[in-house]
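Here is the structure we will look at, set down as structure tokens.
Protein chains in written order, with the working numbering: chain P, 22 to 231; chain F, 10 to 148.
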């Protein structure tokens, strides 16, 4: 709002501006000396007019005037009048309904927190599948746990799901197994070289070739 | 209105976190090795799944997930685990895991795992014991 708009000052003084437009006009009035002067002048004029109202000269007596008004009202009683509904800017609405906004936001936070807590606590079944990539051996295991339901009736979410598993050690098979009772997935690597103790295992596995 | 904005900011900040992964190398045995207190969160599941009486933690490492970079977790006894997070959806992490020893790749897997969940990998046999790798995604 860089240009000087005296009509904006008038509208501001008359209370016609709402929300963001009002804030911007107020800010402009504070920053622009010309518009600030215009605002002060208008306010001064309004003050004078308010202090010195124009004398009203009535041509008719108050009783006769009221009878004319009454007749006019009666003659227009059939005419449908559309009453203007006041429109509020979002900012004004929010300012007027602060309590409602705070309550709604608090409810939203509580809802999101509850959802988050439920998600982290969800018990689940485990689905495991295995696909051997190595040319040595191929074994595919697909369990039926995908169809398993929780006792309460909701579909169980797997805590872990093995998508692919393979081993490059000759004569070795890796199999992913789901757990029906412990909610864990186990990958079973069978056929790995056996050693009598940890020291020998270290030596043998350090030199293991694939 | 200002306090409300602050509350929202705090709420969102509290939820914005980076998950991490913990890899533990475990020896499962029936011999009288001391049951490891570090494994008390996993022991009931380990007993149920593998049936051994005692579980000993041989090595453990944690790394934060994210940024699509591969994290190296040295677990001792020559075993190394590489973990790369491919994607994350809410509290589920799409991971690429490779368990290696020396130059050999013992196992490669891609899996989707929820936070606070574990996956166990049964590895080599040592004497009458088993080596188990436990991967847990932490919040």
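Glycine residues also receive a C-beta, built at the ideal position from the N, C-alpha and C atoms.
query                                                                                                                                                                                    : result
Taking the beta carbon of residue 111 (chain P) as the centre, do at least 16 other beta carbons fall within 10 Å, making it buried, or is it exposed?                                   : exposed
Using the Cα positions of residue 62 (chain P) and residue 117 (chain P), report the straight-line distance between them to the nearest angstrom.                                        : 31 Å
Does DSSP classify residue 185 (chain P) as helix, strand or coil?                                                                                                                       : strand
For residue 26 (chain P), which option in P:86, P:53 and P:36 has the closest C-alpha, if you only look at C-alpha atoms?                                                                : P:53
Can you give me the Cβ contacts of residue 173 (chain P) inside the same chain, cut-off strictly under 8 Å, excluding the 5 residues immediately before and after it?                    : With a pLDDT of 40 at residue 173 (chain P), under the threshold of 50, the modelled position of that residue is not reliable, and the figure given next carries that caveat. Contacts found: none.
Can you have a look at residue 30 (chain P) and say buried or exposed, based on whether 16 or more other CB atoms are within 10 angstroms of its CB?                                     : buried
Leaving out the 5 sequence neighbours to the left and right, which residues in its chain are closer than 7 Å to residue 100 (chain F) when beta-carbon positions are compared?           : 123 and 124
My parser needs the alpha helix (DSSP H) runs of 4 or more residues fully inside the stretch 28-95 of chain P; what are they?                                                            : 40-52 and 54-72
Give the range of the beta strand (DSSP E) segment to which residue 113 (chain F) is assigned.                                                                                           : 113-123
Would you verify that the beta carbon of residue 129 (chain F) is, or is not, closer than 8 Å to some beta carbon of chain P?                                                            : yes
What residues of chain F sit near residue 316 (chain P), judged by a beta carbon separation below 9 Å?                                                                                   : This structure gives no information on residue 316 (chain P), because the portion of chain P shown stretches from 22 to 231.
With H, G and I counted as helix, E and B as strand and the rest as coil, what does DSSP make of residue 117 (chain P)?                                                                  : helix
Identify each residue in the stretch 111-130 of chain F for which the Cβ-Cβ distance to at least one residue of chain P is less than 9 Å, and report them in chain order.                : 111, 112, 113, 114, 115, 116, 117, 118, 119, 120, 121, 122, 123, 124, 125, 126, 127, 128, 129 and 130
Rounded to whole angstroms, what is the Cα-Cα separation between residue 144 (chain F) and residue 87 (chain F)?                                                                         : 17 Å
Is there a Cβ from chain P that is less than 8 Å from the Cβ of residue 68 (chain F)?                                                                                                    : no
When you compare the CB positions of residue 35 (chain F) and residue 210 (chain P), do they come within less than 8 Å of one another, or not?                                           : no
Using a Cβ cut-off of 7 Å, pull out every chain F residue sitting near residue 229 (chain P), in sequence order please.                                                                  : 110, 111 and 113
Just grab the DSSP bridge partners of residue 71 (chain F) for me.                                                                                                                       : F:31
Under 8 Å Cβ to Cβ from residue 154 (chain P), same chain only, skipping five residues before and after it: list those, please.                                                          : Confidence at residue 154 (chain P) is low in this model, with a pLDDT of 39, below 50, so its placement is unreliable and no value can be given for it.
Between the C-alpha atoms of residue 37 (chain F) and residue 126 (chain P), what's the straight-line distance to the nearest angstrom?                                                  : 52 Å
Where does residue 132 (chain P) fall in DSSP's three states?                                                                                                                            : helix
Tell me whether the beta-carbon of residue 214 (chain P) lies closer than 8 Å to the beta-carbon of residue 225 (chain P).                                                               : yes
Taking Cβ-Cβ distances shorter than 8 Å, what residues in chain P pair up with residue 49 (chain F)?                                                                                     : Within chain P, no residue comes near residue 49 (chain F); the closest Cβ sits about 16 Å away, beyond 8 Å.
Out of F:30, F:117 and F:141, which one is the CA nearest neighbour of residue 72 (chain F)?                                                                                             : F:30
Determine the chain P residues that contact residue 100 (chain F) at a beta-carbon separation under 8 Å, and present them in chain order.                                                : 140 and 141
Is there a Cβ from chain P that is less than 8 Å from the Cβ of residue 87 (chain F)?                                                                                                    : yes
Between residue 164 (chain P) and chain F, is the shortest Cβ-Cβ distance under 8 Å, so that the two count as touching?                                                                  : Confidence at residue 164 (chain P) is low in this model, with a pLDDT of 40, below 50, so the placement of that residue should be treated as unreliable; the coordinate-derived value is given next. Chain F contact via Cβ: absent.
Residues bridged to residue 97 (chain F) by DSSP?                                                                                                                                        : F:102
Under three-state DSSP, which class holds residue 221 (chain P)?                                                                                                                         : helix
Would you kindly work out how many angstroms separate the C-alpha atoms of residue 108 (chain F) and residue 130 (chain P), rounded to a whole number?                                   : 42 Å
Residues of chain F with CB closer than 8 Å to the CB of residue 181 (chain P), please, in chain order.                                                                                  : 120, 121, 122, 123, 126, 127 and 128
Excluding the 5 residues preceding and the 5 following residue 33 (chain P) in the sequence, name in chain order all residues of the same chain whose CB lies nearer than 8 Å to its CB. : 43, 46, 47, 50 and 60
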